[in-house]
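In terms of the numbering used here, the sequence shown opens at residue 35 and continues consecutively.
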Amino acid sequence: MAFASPQETALAVAQANETRASNSIPKLIVLGLLGGAFTGMGAEAATMISHDFTFLGAGLQQFAKGSLFSIGVIFAVICGGELFTGDALLWLAFMDERVGWKKMLKVLGVVLLANVVGATAYAWLYYQSGLFLFNNAELGAEAVRTAVTKVNLTWWQVFVRGVLCNWLICLGVWMAFASKEVISKIASLYIGVMVFVMSAFENSVANFYYLPAGWFAKHIPAVVEAANLGAKLDTLTWANIITRNWIPSALGNFVGGALFVATAYWFVYVRQAPATPDQSMAASAAD
């Protein structure tokens, strides 16, 4: 077959995440920085293509954004990078007793922080490029409007959208594991990512770019004038960025990937096969 069966895929995901958990902290940091930067590249391209596409209507505008945003995830998977969203699948290796909870938390924590730094650094570089003034500052205005909208959602709305987002992303990653050709992997990732963006769900790693980008852009007078948000612009603070968006979206992303993909497929395809003594000893040693 040109693709692996669901059970073969589940075992491949478990094995890959067992290997991931053994990576050193320096390696995780570098891969996490790259993953955050790659996501910023996709998010920036999505903003560029959609900022003057309003004539297409909201649905097609979101489709265009999703099509470009997927580039970041494709870069991370094909070229090499770590994303907190995809690493939610570590839960499968944990459930299969291949990885101890300490190693799992190490990977998730290090990659999460590295993604924050990588994506925020890319947003700063983009700000320094002067490109937020593109198209009479309409590009920067779109970045600001996006960020302000995100910090004005309720905590619960962001959490639920985060759950739904990473359910889709991890399904895309799952299909990429099942695929045996690069073009098939790219198509799999594109489908999952495009649908989540088109649906306006919340991706924590993307938000590590979108919100700093908006915060940087709001310090450009021409952008503020073009955005025309008035007092709402004052809600774009670092306190709101972290507490009203980054935290609930990250928690929602983990639940979406760990519960609806990793746990579901562990229950269906993996749990019947008990862990070998070596696996059990490895998990115990990890703790």
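Where is the CB? At the ideal position from N, CA and C, for every residue including glycine.
Which residues mark the beginning and the end of the alpha helix (DSSP H) in which Asn287 is found?
-> 281–291
Output the boundary residues of the alpha helix (DSSP H) element that contains Trp300.
-> Per DSSP, Trp300 belongs to no alpha helix (DSSP H) and is neither H nor E.
Distance, Cα to Cα, Thr154 vs Ala127?
-> 30 Å
Return the Cβ separation of Thr73 and Gly120 in integer angstroms, given the expectation that the two are a contact with Cβ distance under 8 Å.
-> Going by Cβ atoms, the distance from Thr73 to Gly120 rounds to 11 Å, so no, they are not a contact pair.
Chain-order list of residues whose beta-carbon lies under 6 Å from that of Leu117 (same chain, five-residue window excluded) = Gly69, Ala110, Val239
Does the Cβ of Lys136 have 16 or more other Cβ atoms within 10 Å, making it buried, or fewer, making it exposed?
-> exposed
Report the residue ranges of all alpha helix (DSSP H) runs contained in full by the stretch 65–108; include only those spanning at least 4 residues, in chain order.
-> 92–108
Pairwise C-alpha distance: Leu263 and Ala36 = 51 Å
On the three-state DSSP scale, how would you describe Ser213?
-> strand
Between which two residues does the alpha helix (DSSP H) containing Ser238 stretch?
-> 238–251
Going by other Cβ atoms of all chains shown within 10 Å of its Cβ, with 16 needed for buried, is Glu78 buried or exposed?
-> buried
Alpha-carbon spacing of Met138 relative to Tyr244, whole angstroms | 27 Å
How about the stretch 180–199 and the stretch 272–282: do they share at least three Cβ pairs that are nearer than 8 Å?
-> yes
Using only alpha-carbon positions, find the residue among Ala181, Val64, Phe103 that is nearest to Leu267.
-> Ala181
Alpha carbon to alpha carbon, how far is Asn51 from Thr183? Give it in angstroms, no decimals.
-> 35 Å
Phe230 by DSSP, collapsed to three states: which one?
-> helix
Give the secondary structure of Phe235 by DSSP, where H, G and I count as helix, E and B as strand, and everything else as coil.
-> coil
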